[in-house]
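**Student:** If you read the sequences in order, they're chains B and S.
The opening position of the first sequence corresponds to residue 1 in our numbering, with each subsequent residue numbered one higher.
The opening position of the second sequence corresponds to residue 1 in our numbering, with each subsequent residue numbered one higher.
Even for Gly, the Cβ is constructed at its ideal location relative to N, Cα and C.
Following this message is one structure expressed as structure tokens.
2 protein chains.
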Amino acid sequence: VPRSYEIPVCPIARTLDLIGERWTLLLLRDFHRKGPLRFQDLQEAFPAAAPNTLSQRLKDLEAHDLIEREVYSEHPPRLRYRLTRRGASLKPVLAALREWGEQNT
Amino acid sequence: VPRSYEIPVCPIARTLDLIGERWTLLLLRDFHRKGPLRFQDLQEAFPAAAPNTLSQRLKDLEAHDLIEREVYSEHPPRLRYRLTRRGASLKPVLAALREWGEQNT
Numbered sequence: 001v002p003r004s005y006e007i008p009v010c011p012i013a014r015t016l017d018l019i020g021e022r023w024t025l026l027l028l029r030d031f032h033r034k035g036p037l038r039f040q041d042l043q044e045a046f047p048a049a050a051p052n053t054l055s056q057r058l059k060d061l062e063a064h065d066l067i068e069r070e071v072y073s074e075h076p077p078r079l080r081y082r083l084t085r086r087g088a089s090l091k092p093v094l095a096a097l098r099e100w101g102e103q104n105t
Numbered sequence: 001v002p003r004s005y006e007i008p009v010c011p012i013a014r015t016l017d018l019i020g021e022r023w024t025l026l027l028l029r030d031f032h033r034k035g036p037l038r039f040q041d042l043q044e045a046f047p048a049a050a051p052n053t054l055s056q057r058l059k060d061l062e063a064h065d066l067i068e069r070e071v072y073s074e075h076p077p078r079l080r081y082r083l084t085r086r087g088a089s090l091k092p093v094l095a096a097l098r099e100w101g102e103q104n105t
């Protein structure tokens with residue numbers, strides 16, 4: 001996915017600028033499927049991904065308002081991540097990938 | 001996208017194993033939009049992609065039966081690439097990415 005200071009004219013390219021990095025669509029799939037998740041849950045779900053990489057992907061998803069942090073325990077303080085409404089709106093993209101995979105792989 | 005000797009159970013992951021690499025979806029978009037293309041056309045369309053990378057992506061797409069080579073001139077011999085029927089069946093995936101991008105970016 002090209003990164004430039006210009007915003008791509010093509011809406012497909014603009015979408016891939018947000019969700020085209022390795023792991024990102026699989027992370028979004030897990031939030032869609034499982035609901036809110038802790039960092040630890042994601043580490044267990046993606047043992048092949050480096051923790052730094054997972055952490056960066058979560059930061060990027062948060063910066064693009066696709067997921068948000070939620071404090072689910074005050075004492076001790078504990079965080080988890082969940083889809084925003086904008087993140088939830090990616091469901092048709094995941095559905096199209098799933099349907100193609102079911103029929104063609 | 002995880003690469004392993006096991007085939008992923010999840011159809012989304014299986015799909016991303018085929019089309020999740022950087023540039024691949026944008027290449028497929030161009031074949032959908034423009035029809036058969038020469039390597040030179042793709043180099044011009046993606047100046048930020050290294051020729052080796054483009055070449056590898058085309059090889060991968062061909063290996064997965066998503067595009068195929070076509071001889072369009074015998075003297076001198078000239079090749080171009082075009083979508084297979086299987087590659088054309090990815091249209092709903094591109095449509096979902098486009099629609100989301102139009103509405104959300």
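Rounded to a whole number of angstroms, what is the C-alpha to C-alpha distance between F31/B and L79/S?
**Tutor:** Between F31/B and L79/S, the C-alpha separation is close to 44 Å.
**Student:** Hey, is S89/B's beta-carbon within less than 8 Å of any beta-carbon in chain S?
**Tutor:** S89/B counts as touching chain S.
**Student:** What three-state label does DSSP hand L66/B in the structure shown?
**Tutor:** L66/B: coil per DSSP, three-state reduction.
**Student:** Can the beta-carbon of D65/B be found less than 8 Å from the beta-carbon of R33/B?
**Tutor:** No, Cβ-Cβ distance for D65/B and R33/B is not below 8 Å.
**Student:** Of the choices I7/B, L97/B and R82/B, whose alpha-carbon is the least far from that of D41/B?
**Tutor:** Here the closest residue by C-alpha is R82/B.
**Student:** Okay, do the stretch 38-55 of chain S and the stretch 19-27 of chain S touch, 3+ Cβ pairs below 8 Å being the bar?
**Tutor:** At 8 Å Cβ cutoff, the stretches touch.
**Student:** Residues of chain B with CB closer than 8 Å to the CB of L18/S, please, in chain order.
**Tutor:** Neighbours of L18/S on chain B, chain order: T105.
**Student:** Run through the DSSP bridge pairs and tell me what S73/S is partnered with.
**Tutor:** In the DSSP output, where bridge partners are listed per residue, S73/S has R78/S.
**Student:** For L90/S, which of helix, strand or coil comes out of DSSP?
**Tutor:** Coil at L90/S, not helix or strand.
**Student:** Just to confirm before moving on: does the CB-CB distance between L90/S and W100/B stay below 8 Å?
**Tutor:** Yes, Cβ-Cβ distance for L90/S and W100/B is below 8 Å.
**Student:** In chain order, what residues of the stretch 47-77 of chain B put their CB closer than 7 Å to some CB of chain S?
**Tutor:** So the list reads A48, given in the order they occur along the chain.
**Student:** Going along chain S in order, which residues have a C-beta closer than 7 Å to the C-beta of A96/B?
**Tutor:** Correct list: P92, V93 and A96.
**Student:** Short of 8 Å in beta carbon distance, which residues of its chain neighbour L58/S, apart from the five on each side in sequence? Order them along the chain.
**Tutor:** These residues qualify, in order along the chain: L27, F39, L42, I67 and Y81.
**Student:** Counting only the same chain and skipping the five closest in sequence on each side, list residues whose C-beta sits under 6 Å from that of L29/S.
**Tutor:** A small fix is needed here, since residue 29/S is Arg in this sequence, not Leu. Excluding positions up to five away in sequence, the list reads L94.
**Student:** Can you name the residues of chain S whose CB is closer than 7 Å to the CB of P11/B?
**Tutor:** Simply R98, G101, E102 and T105.
**Student:** In chain B, which residues lie with their C-beta within 8 Å of the C-beta of L37/S?
**Tutor:** What L37/S touches in chain B: nothing, since even the nearest Cβ is about 16 Å away.
**Student:** Considering only DSSP beta bridges, list what L18/S is partnered with.
**Tutor:** The partner list for L18/S (beta bridge, DSSP) is empty, contrary to what the question assumes.
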